[in-house]
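Numbering (our numbering), first residue to last: 316 to 660. Structure first, then comments.
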Amino acid sequence: MKRILVVFLLCIPLFLGGCAGDDRPVLSVYNWGDYIDPDLIAQFEDEFDCRVNYETFTSNEDLYVKLKNSTDTYDVLVPSDYMIERLINEDMLRPINKDNVPNLSIIEPQALNLPFDPENTYSVPYFYGVLGILYNPEMVSDPVDSWDILWNDKYASKILMYDSIRDSMGASLSRLGFSMNETSEANINAARDALIKQKPLVMAYVTDNVKNLMATDGAAMALVYSGDAAIVMDENNKLAFAVPKEGSNVYYDNFVIPNNSKNPELAESFINYMLTPEIAARNMEYVGFSAPNPQAISLMDDNWKNNTAFNIQVDDLARSEIFVDLPNNILELYNKAWTEVNVSK
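Pasting the structure below:
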């Protein structure tokens with residue numbers, strides 16, 4: 316997914332030469348920033364008599380570079396759909412022993428057997444969501460049902476876009492009637508040109524600071540992940556969220572185990588623990604993203620169940636597509652296009 320936060324460590328002594336006299340097994344987890352309730356980590360350590368080394372990354376691409384170029388090893392990773400596909404293709408993941416993850420049976424079928432891992436051989440669902448528009452009805456007088464509104468000059472300097480190639484390019488592609496996994500150079504460049512034309516209307520290209528800006532009425536609308544929108548809507552209940560009629564991206568962040576894991580069975584215990592309904596419900600309330608775990612959602616307060624960004628509608632999912640791992644030559648086209656957007660006036 317997709318959110319930036321400072322790396323935090325739950326066992327500082329581990330990075331200072333080890334915890335003296337502590338011979339408990341160590342589980343190394345590499346996850347997105349602010350993407351787990353830290354109290355649950357501490358509880359897992361107590362229940363399983365282990366230590367957790369917890370680190371965060373800022374993007375799927377950063378995770379990939381770390382795995383390829385570092386000697387550090389991890390037991391649990393949380394990449395997104397298209398990155399899982401890449402890691403599988405490059406033989407970097409270990410098959411999961413599903414006997415050790417019985418809670419997989421309670422996951423919604425729609426989150427299983429997806430194209431990036433057709434039999435869930437290597438991955439277990441964690442969170443999912445859709446890309447959409449978070450907006451302030453007191454500042455937006457037009458219907459928010461199309462990507463077009465992000466190009467409406469009535470809202471000049473009140474629009475926030477993600478500082479993200481796949482997301483902002485994807486919104487522009489979808490607006491033009493193209494796939495968010497577009498491979499045509501002409502269509503990719505058309506999306507680039509549309510973003511360049513939009514740029515004078517954009518207040519800022521943001522990352523995690525989108526939440527604070529929208530919560531404090533700092534902008535009229537923003538391109539956001541539904542999980543971030545749900546958090547902000549919980550803080551500022553006048554805000555609303557919409558998935559454009561043209562379609563969008565539905566993303567799945569899953570647990571995986573790298574093939575050089577030192578404690579794969581403990582990793583499977585951790586994954587199963589995080590899927591436990593009571594644990595998953597507490598985690599969702601902390602993070603704000605939705606898990607495909609009906610038993611966990613049934614335990615949550617009505618304010619979450621009634622939050623349209625948290626409780627994603629079936630119709631919104633039906634017209635959304637999953638990002639795929641594009642070939643390198645196509646990624647180069649996206650990178651070039653995004654650079655030209657950034658340098659444009």
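Note that the Cβ used here is the ideal one computed from N, Cα and C, for glycine as well.
Member of the options whose CA lies at the smallest distance from the CA of residue i
i	options	result
Q513	F493, G492, K469	K469
K620	M599, F431, I637, M484	M599
P592	Q628, P417, E400	P417
D352	D337, A595, A611	A595
L382	Y397, K660, S563, P573	P573
V639	R597, P430, F625	P430
R409	D616, V439, N618	V439
F625	I356, A557, L538	A557
F442	Y477, Q425, I448	Q425
N564	D631, V547, L465	D631
E423	W653, Q610, D361, A582	Q610
D432	D568, R366, V367	D568
Straight-line gap, residue i to residue j (C-alpha atoms, nearest Å)
i	j	result
P579	D390	6 Å
K651	N644	11 Å
L392	A534	34 Å
S343	G444	26 Å
D463	S395	27 Å
W347	F372	5 Å
D549	S385	39 Å
Y450	S483	17 Å
L491	A506	7 Å
L488	D364	49 Å
S494	I411	32 Å
N415	I637	28 Å
I586	F359	11 Å
D532	I474	12 Å
D406	M589	25 Å
N467	E583	48 Å
L465	N575	44 Å
M454	T498	36 Å
V521	A544	14 Å
N657	L516	14 Å
T436	S659	44 Å
Assigned exposure category for residue i - 16 Cβ within 10 Å defines buried
i	result
R339	exposed
S456	exposed
K526	buried
S420	exposed
P452	exposed
D354	exposed
S479	buried
S472	exposed
E647	exposed
For residue i, the residue or residues it bridges with in DSSP
i	result
T371	N346
G444	Y566
V539	G447
S395	D568
I474	V517, M536
F556	L449
L408	P573
V341	R366
Helix, strand or coil at residue i according to DSSP, with G and I counted as helix
i	result
E636	strand
Y257	Nothing in the structure corresponds to residue 257, since the chain is present only between 316 and 660.
L402	helix
S420	helix
S461	coil
S605	strand
V380	helix
V455	coil
R366	strand
G492	coil
Chain B contact for residue i (CB, 8 Å cutoff)
i	result
I627	Among the chains of the structure shown, chain B does not appear; only one protein chain is present.
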